[in-house]
Amino acid sequence: MKKIGIYPGCCFQGADIHNYDITTKFLENMGVEGILLERAACCGGGVIDETNKKIVYGLNARNIALAEKEGVDLYTPCNTCYMIIAKTKLALDSDPELKEKVNEILAEEGLEYKGTAKIYHTLNLIRDFVGLDEYKKRIKRQISGIKVAPYYGCHVLAPNEVAVDDPENPTILREVLEPLGVEIIEGYKDEDTCCGYHARFTEPEQKERLAIKPLDGAKEAGADIVATPCPLCHKAMDGYDEPILQVTQLINVACGATPEEAGINLNKTEVKLSL
Amino acid sequence: MKKIKYTARIKRYNPEEDKSYWQDFEVEVEDSLTVLELLMYIKDKIDPTLTFRAFCRSAICGSCAMIINNRAGLACKIQAKDKIKNGVIKIEPLKTLKPVRDLVVDQEPAFDKLKKIKPYLEPDPKVVPDNLKSESLVLPEEFARYDKQTDCILCMACYGQCNALKGDDQYLGPFQLTKVFRFIMDTRDGMDVEERIKLAEDHGIWECVQCQMCFAACPKGISSCDDILELRRIAKDTGEENIATRRAKFWFATVFETGQIDKLNLPAVALNNEKGEKARENLIKEFKQRGIPEDEFGPKPFDGIDKFRNFIKKIEKEL
Ligand code: SF4
Ligand code: SF4
Ligand code: FES
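This is the structure in structure tokens:
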């Protein structure tokens, strides 16, 4: 069985603990063995930069090194963790001096950043690690009669250097959702507007103003639910009129899980799936 | 030279009727055109009323920013053929500024915001000599701290699809905040850092959602989102405490302690009011309802946490 390192970010912590079950179940459904990188630490979340940007390099060089030590690539379902870790990888791979200095300090923990591990997010994991054909084979049943609005979130499409698909005309999310049997609603208003998650504790009202926009756009366009790959977008946008789910939750259901097993009952805004 | 056929789908705006609409232009042109040259071709050969702004044609003057295939950039810097998707290239005005006509937007509100942050040097008499004969000394490593940021050509590509502006049209904007950073870093500047930070805080740094779109748009590779993080760091270290600075301090402290953030207590610490306490109580209630064991409410340090803490300390000091 193919193996991959599961990076535990804050989306597996506290009230979001079920995201870990969703993730491991998803990997199981994909026929991939997930190895939890137990000593991995927070990616910085775009917040530790406010203390010291260098720590963010250190944290993520170390996170990647932990995967490399296990001989696996690194997988995170979170858009933001993905972007920050991938950005750090780019920085380390293009700056030998930085890499060397980080490695000197990492050596004390018996770790080394080599640059061999790839960084995966759910979307490129399905396309490049599992393969779309294999993915389709693993879908057991169709979730029909539901209109789904794909919502990428920002950090899988920007910055361009780490985007998991063509950032101008991405299609990967459609390609992942279509095999589930759902009807896709694209081109809705504010589909590329940010969910506002990262303003939650800097300017809470800003988050409120933004989170509702893509939801309203999707609703207006006739979507029953919004589907995002990102657990943070999910968290930011759950609790309004229009329901939102994570793509992996839908995949798990299509692979045989009950809605409850897929954590769908934990949604603040209720979702009804017909199977 | 090879000729190619495609459709230029341009979003036009007619101020007389206050109407926006898409118009398709079928073209057969050399494959070497920039988007700006494509627009000039259309204006010259098909529709002389097509209106856009441009001047230098070489990514210097900053006039020709627009949205090309859903992403902001300079029309004179981008090759048209790279942007043709399914035979179509989509061109529209910057999104967060009002169109004046077709692809020309009213830049005035963004310039007004730039003025608000005092985008000029207030010479520090200790560094800048009071006569014109001597120069002020800036060391290369001092200049390196804001070298990149001085490349800004005020094209507004970053501003044109900034997400914070979609939530608050009074948001200062990415290039304006980069300017604040640039002057704070300038050793010749005499304005108090606190004053510059105050200017950056008003509909500013705390409203940014870190979406990275400004960086993705900038033709000069300036990362306003990173500059904003630096400004937040400076605000945290020099300015007044607020929800965001409390969150940043607590975030780092708990990561240092356990490797992870303490999401149970973060809202209470950041909000620092009754609402925050309520959030904590509600979380605990939710945990219990869901049968989550108490020792899983918050993060626990992993094995070898001491080594991790040493690692962080060393990174802070030595990297
Ligand atoms: S990162 Fe901040 S400043 Fe940059 S585009 Fe996004 S919201 Fe605007
Ligand atoms: S920061 Fe970049 S995109 Fe923004 S105005 Fe300056 S040059 Fe243009
Ligand atoms: S025309 Fe001057 S920057 Fe494009």
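Residue numbers (my numbering), protein chains in the order written: chain A, 1 to 275; chain B, 1 to 319. Glycine included, every Cβ here is placed at the ideal spot set by N, Cα and C.
Going by beta carbons, B:A59 and A:A158 fall outside the 8 Å limit.
For chain A, the residues of the segment 204 to 222 of chain B that bring a beta carbon within less than 7 Å of one of its beta carbons are W206, E207, V209, Q210, C211, Q212, M213, F215, A216, in chain order. At a beta-carbon threshold of 8 Å, the residues of chain B lying near A:C10 are Q260, I261, K263, ordered along the chain.
Under the Cβ criterion (8 Å, minimum of three pairs), the segment 189 to 197 of chain A counts as touching the segment 215 to 222 of chain A.
Close CB contacts of B:A157 within its chain, under the 7 Å cut and outside five residues either way in sequence, are with A65, A72, G73, L74, A217, C218, P219 (chain order). Under the three-state reduction of DSSP output, A:L74 falls in the strand class. Here A:E175 is not near B:N70, since their CB atoms are 8 Å or more apart. Those residues placing their Cβ nearer than 7 Å to any heavy atom of ligand 3 are, following chain order, B:L36, B:A54, B:F55, B:C56, B:R57, B:S58, B:A59, B:I60, B:C61, B:G62, B:S63, B:C64, B:L74, B:A75, B:C76, B:K77, B:I153, B:C155.
In this structure, B:K90 is the residue among B:D47, B:M1, B:K90, B:L319 with its C-alpha nearest to the C-alpha of B:K11. Residue contact check for A:P159 against chain B: a CB pair falls below 8 Å. Counting along the chain, B:F25 sits inside the beta strand (DSSP E) bounded by residues 19 to 30.
Ranked by Cα distance from B:N163, the first of B:C214, B:E135, B:T150, B:L154 is B:C214. Chain-order list of chain A residues neighbouring B:D168: Q206, R209, by C-beta distance under 8 Å. Note that the C-beta distance between B:I205 and B:G239 is not below 8 Å. Within chain A, no C-beta atom comes less than 8 Å from the C-beta of B:D18; the nearest is roughly 19 Å away. Take B:D124, set aside five residues on each side of it, and the residues of its chain with a beta-carbon closer than 7 Å to its own are R188, D189, G190, in chain order. Within the model, the alpha-carbon separation for A:S94 versus A:L266 is close to 42 Å. Going by DSSP, B:M66 is part of no alpha helix (DSSP H) but of the beta strand (DSSP E) stretching over 65 to 68.
Judged by DSSP in its simplified three-state form, B:G239 adopts coil rather than helix or strand. Look at the beta carbons and you see the segment 103 to 119 of chain A not touching the segment 146 to 161 of chain A: under three pairs across the two are nearer than 8 Å. Taking one beta carbon from each stretch, the segment 109 to 123 of chain B and the segment 171 to 184 of chain B have 3 or more pairs nearer than 8 Å; the two touch. Closest by C-alpha distance to B:E26, out of B:S20, B:K43, B:G221, is B:K43. Separation of the CB atoms of A:D165 and A:L123 is rounded to 7 Å, and the pair is thereby assigned contact status at 8 Å.
Along the segment 169 to 197 of chain A, going in chain order, the ones with a CB nearer than 9 Å to a CB of chain B are N169, D190, D192, T193, C194, C195, G196, Y197.
Between the alpha carbons of B:G276 and B:E230 lies a distance of about 27 Å. Under the Cβ criterion (8 Å, minimum of three pairs), the segment 9 to 26 of chain A counts as touching the segment 288 to 307 of chain B.
In the three-state scheme derived from DSSP, where H, G and I count as helix and E and B as strand, B:E316 is classed as helix.
Here A:C255 is not near A:I172, since their CB atoms are 8 Å or more apart. Between ligand 2 and the CB of B:I222, the shortest heavy atom gap is smaller than 7 Å.
When rounded, the separation of the alpha-carbon atoms in A:R62 and B:Q149 is 30 Å. By the Cβ test, the segment 76 to 84 of chain A is in contact with the segment 43 to 63 of chain A, since at least three Cβ pairs between them sit closer than 8 Å. Cβ contact annotation for B:D31 (same chain, cutoff 6 Å, sequence separation greater than five): K2, I4, K81, in chain order. According to DSSP, residue pairing for A:L273 in a beta bridge does not occur. Using a Cβ distance threshold of 8 Å, A:T51 and B:R145 do not count as a contacting pair.
With contact defined as three or more Cβ pairs closer than 8 Å, the segment 251 to 259 of chain B and the segment 304 to 314 of chain B are in contact. With the criterion set as a beta carbon lying under 8 Å from some beta carbon of chain A, the members of the segment 299 to 317 of chain B are P299, F302, D303, G304, K307, F308, N310, F311, I312, K314, I315, E316, in sequence order.
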